[in-house]
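S.K.:
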Amino acid sequence: MMSPKERREAAIKRLKEIAEVVKTKGRSFTDDERSEMDGLFAEVKECDDLLAKGARDSELMKQLGGIAEANNRAVEQERRFPNMAGAKNALVSAMLTKENRMVSFPSVKAFTGAVGTVVTDHDAPGVTPAPAGSAAVALRDRVHEVITGSPLVRTYALSALTGTAPVDEGGVKPSLTGEFAGVDLRLQKLANSYPVTLEFEQDAPQLLVEVARQAQLDMIRAENGLILGAMETAASGEKSSVKELSGAASTVFEMVGEAIAEFNSNNGTNPDWLLANPADIAAVRALKDGNGGYYLDPFSADATAPYGLELVQSSAVPAHQMWVGVQSAITFYSHVSGLIVKAGTVGDQFVRNVTTFLMEERVGAFVNQPLNLTRITLTA
């Protein structure tokens, strides 16, 4: 018995044979040929429907397989963390908000460290978490991301590339002029820990999701701070090629338009996003034109960025400052180990029915293309 795919191929082959005969003899289709072709077209459509159903069935089986695999991981996690099913589910819920993160669960062991705070690696001083506020947006999703297996990454900063006019045949071919500087970037460790009591898990399991979510947001704040720190460093360098614009908040639309024009003229690109502090976004939404109407729709649930750019809000951005940029301008490096979750006890927590969870990861950020960034400073 022929499969739907084989039936479809046979029908198409016969259709081509009939068409070729008619074309070769230079005549019209006969009634018998028309009837046969109608049946062949119906055969092809029926086979297409069967193949589409088969593809859908295959996708459903794949999803079922994924659910079964997730259930197996949950069973294994339950075995490794007995009596902590609620906390485990809360952690899984938090992790699902960041699909691009790989999560591993090392063996349970005791550890030391401040509970409930975001800390940084002692070998990488000067990195502090971003202030509290809007942290639901992970800036790593708005830049180029690379997963690396090394704690030390070799990367490059690229300056403006200038070409020359094409030459006639036989002439010396011109080269692009520009500079690129190699940089060794060391990944930094970010960590966050929080305790959960057995009684808390039993009495208020629904709150575990919020605890895990807050821990995740703290990690995102720290990541956002790293990315903004890299952008600030690129803008303050001696040979910085980050475009700088400054003006009153009432002229913000003109400055964003100027930044877009600069991108189009110099880089041949269009910026991807407008990054700003939530307080500044609120102020921009309140701006009115000369006729007393709002520039941006105040009744819209989402703040719309001017000129169709994606509007990204983060409290990691200093007040009265905005950035216009291209996704490829910044690279966010994360270690192949991903976001690691550990559970253990500190001091006498074991006898007090307390388990402390620890999230940690090794990450870094670097601006590879300063020319693809524009910083806008809003004055009074």
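Residue 266 in full-length UniProt numbering sits at position 266 of the sequence shown; the count goes up by one each step and never skips.
Even glycine gets a Cβ: it sits at the ideal position worked out from N, Cα and C.
For clarity, every value in this text was computed on a predicted model and none was experimentally measured.
1. I need the DSSP call for residue 189, collapsed to helix, strand or coil.
2. Closest to residue 36 by C-alpha separation, out of 48, 12, 57, would be which residue?
3. Quick check on the burial criterion: 16 or more other C-beta atoms within 10 angstroms. Buried or exposed for residue 334?
4. Who are the Cβ neighbours of residue 316 in its own chain at under 6 angstroms, not counting the five residues just before and after it?
5. Might you give, ordered along the chain, the residues of its own chain that have their beta carbon closer than 6 angstroms to the beta carbon of residue 2, omitting 5 neighbours on each side?
6. What are the start and end residues of the beta strand (DSSP E) that includes residue 361?
7. Roughly how many angstroms separate the alpha carbons of residue 280 and residue 312, rounded to a whole number?
8. Taking three-plus beta-carbon pairs below 8 angstroms as touching, is the stretch 276-290 in contact with the stretch 324-339?
9. Taking DSSP as the reference, what is the three-state secondary structure of residue 24?
10. For residue 4, which residues from the same chain have a beta carbon less than 6 angstroms from its beta carbon, with the 5 sequence-adjacent residues on both sides left out?
11. What is the rounded straight-line gap between the Cα of residue 207 and the Cα of residue 197?
12. So, at 6 angstroms on beta carbons, what are the nonlocal neighbours of residue 181 in its own chain, with the 5 sequence-adjacent residues on each side left out?
13. Measuring CA to CA, which of 61, 249, 183, 273 is closest to residue 373?
14. Within a Cβ cutoff of 8 angstroms, which residues of the same chain sit near residue 8, ignoring the five residues on either side of it in sequence?
15. For residue 375, report the span of its beta strand (DSSP E) as first-last.
16. For residue 245, which residues of its own chain have a beta-carbon under 8 angstroms away from its beta-carbon, when the five flanking residues on both sides are left out?
17. Buried or exposed, going by whether 16 or more other CB atoms sit within 10 Å of the CB of residue 331?
18. Quick check on residue 19: buried or exposed, where buried means 16 or more other Cβ atoms within 10 Å of its Cβ?
19. Using the rule of at least 16 other Cβ atoms within 10 Å of the residue's Cβ for burial, across every protein chain shown, is residue 216 buried or exposed?
20. Following the continuous alpha helix (DSSP H) through residue 344, name the residue where it begins and the one where it ends.
21. Quickly, what does DSSP pair residue 294 with across the bridge? List them, please.
22. Which residues in the same chain as residue 329 place their Cβ atom closer than 7 angstroms to its Cβ, once the five residues preceding and following it in sequence are excluded?
23. May I ask you to report which of helix, strand or coil DSSP gives residue 331?
24. Using C-beta distances below 6 angstroms, list every residue in its chain close to residue 306, excluding the 5 sequence neighbours before and after it, in chain order.
25. Since residue 321 and residue 277 should fall inside the 8 angstroms C-beta cutoff, what is the C-beta to C-beta distance between them, to a whole number of angstroms?
26. Would DSSP call residue 299 helix, strand or coil?
27. Quick one: give me the first and last residue of the alpha helix (DSSP H) that residue 211 is part of.
28. According to DSSP, is residue 254 helix, strand or coil?
29. Using the Cβ count rule (16 or more neighbours within 10 Å means buried), how would you classify residue 231?
30. Select from 41, 355, 350 the residue whose C-alpha is nearest the C-alpha of residue 201.
31. Do you know how far the Cα of residue 144 is from the Cα of residue 348?
32. Going by DSSP, what residue range makes up the beta strand (DSSP E) through residue 246?
M.R.: Here's the rundown:
1. To locate residue 189, count along the sequence shown from 1; it is residue 189. The answer is strand: DSSP assigns residue 189 an E or B state.
2. Here residue 36 is taken as the residue at index 36 of the sequence shown, counted from 1. For the residues 48, 12, 57, the minimum Cα distance to residue 36 belongs to 12.
3. By 1-based counting over the sequence shown, the position of residue 334 is 334. With a threshold of 16 other beta carbon atoms within 10 Å, residue 334 meets it and is buried.
4. For the purposes of this step, residue 316 is identified with residue 316 of the sequence shown, where counting begins at 1. Cβ-Cβ distances below 6 angstroms link residue 316 to 130, 224, 225, 228 in the same chain, with the five nearest sequence neighbours on each side left out; the list follows chain order.
5. Here residue 2 is taken as the residue at index 2 of the sequence shown, counted from 1. So the list is empty, once near-sequence residues are dropped.
6. Taking the sequence shown and counting its residues from 1, one reaches residue 361 at position 361. In this chain, the beta strand (DSSP E) harbouring residue 361 covers 354-367.
7. Stepping through the sequence shown from its first residue, residue 280 is reached at position 280. Stepping through the sequence shown from its first residue, residue 312 is reached at position 312. Their Cα atoms are separated by approximately 12 angstroms.
8. Pairwise C-beta distances place the stretch 276-290 out of contact with the stretch 324-339, as fewer than three of them are shorter than 8 angstroms.
9. As a first step, residue 24 is located in the sequence shown; it is residue number 24 there, counting from the start. Residue state, collapsed to three classes: helix.
10. Counted from its first residue, the sequence shown places residue 4 at position 4. Around residue 4: 47, 50, 51.
11. Sequence index remark: in the sequence shown, residue 207 carries index 207 (1-based). Sequence index remark: in the sequence shown, residue 197 carries index 197 (1-based). Each residue's Cα considered, the two are about 12 angstroms apart.
12. The residue labelled residue 181 in the question sits at position 181 within the sequence shown. Short of 6 angstroms from the beta carbon of residue 181, and not among the five residues preceding or following it, lie these beta carbons of its own chain, in chain order: 157.
13. Position 373 of the sequence shown, counting from 1, holds the residue named residue 373. For the residues 61, 249, 183, 273, the minimum Cα distance to residue 373 belongs to 273.
14. Within the sequence shown, residue 8 is the residue found at index 8, counting from 1. These residues qualify, in order along the chain: 43, 44, 47, 48, 51.
15. On the sequence shown, residue 375 is found 375 positions in, with the first residue counted as 1. Element bounds for residue 375: 373-379.
16. By 1-based counting over the sequence shown, the position of residue 245 is 245. Excluding positions up to five away in sequence, the list reads 255, 258, 259, 374, 375, 376, 377.
17. In the sequence shown, the residue the question calls residue 331 occupies position 331. Burial state of residue 331 is buried, judged by a 10 Å Cβ sphere holding 16 or more other Cβ atoms.
18. Position 19 of the sequence shown, counting from 1, holds the residue named residue 19. Residue 19 is classed as exposed because its beta carbon has fewer than 16 other beta carbons within 10 Å across all chains shown.
19. For the purposes of this step, residue 216 is taken as the residue at position 216 of the sequence shown. Classification for residue 216: buried.
20. Here residue 344 refers to the residue found at position 344 when the sequence shown is read from its first residue. Run containing residue 344: none in the alpha helix (DSSP H); it sits in the beta strand (DSSP E), 339-344.
21. In the sequence shown, the residue the question calls residue 294 occupies position 294. In the DSSP output, where bridge partners are listed per residue, residue 294 has 288.
22. Here the question's residue 329 lines up with position 329 in the sequence shown. Taken in chain order, the residues that qualify are 367, 368, 369, 372, 373.
23. Here residue 331 refers to the residue found at position 331 of the sequence shown. DSSP places residue 331 within a strand segment (E or B) once states are collapsed to three.
24. Mapped onto the sequence shown, residue 306 falls at position 306. So the qualifying residues of the chain are 253, 256.
25. Numbered from its first residue, the sequence shown carries residue 321 at position 321. Numbered from its first residue, the sequence shown carries residue 277 at position 277. About 7 angstroms separates the Cβ atoms of residue 321 and residue 277, confirming a contact at the 8 angstroms cut-off.
26. Translated into the one-based positions of the sequence shown, residue 299 becomes position 299. When DSSP states are grouped into helix, strand and coil, residue 299 belongs to the coil group.
27. Locating residue 211 in the sequence shown gives position 211, where the first residue counts as 1. Segment 205-236, the alpha helix (DSSP H) holding residue 211.
28. Locating residue 254 in the sequence shown gives position 254, where the first residue counts as 1. In this structure, DSSP gives residue 254 a helical state, which the three-state scheme calls helix.
29. Position 231 of the sequence shown, counted from the first residue, corresponds to residue 231. Residue 231 is buried by the Cβ-count criterion.
30. Position 201 of the sequence shown holds residue 201. The candidate whose alpha carbon is nearest that of residue 201 is 355.
31. On the sequence shown, position 348 is the one that residue 348 refers to. On the sequence shown, position 144 is the one that residue 144 refers to. Roughly 44 angstroms separates the two Cα atoms.
32. As a first step, residue 246 must be located in the sequence shown, where it is residue number 246. Note, residue 246: beta strand (DSSP E), 243-248.
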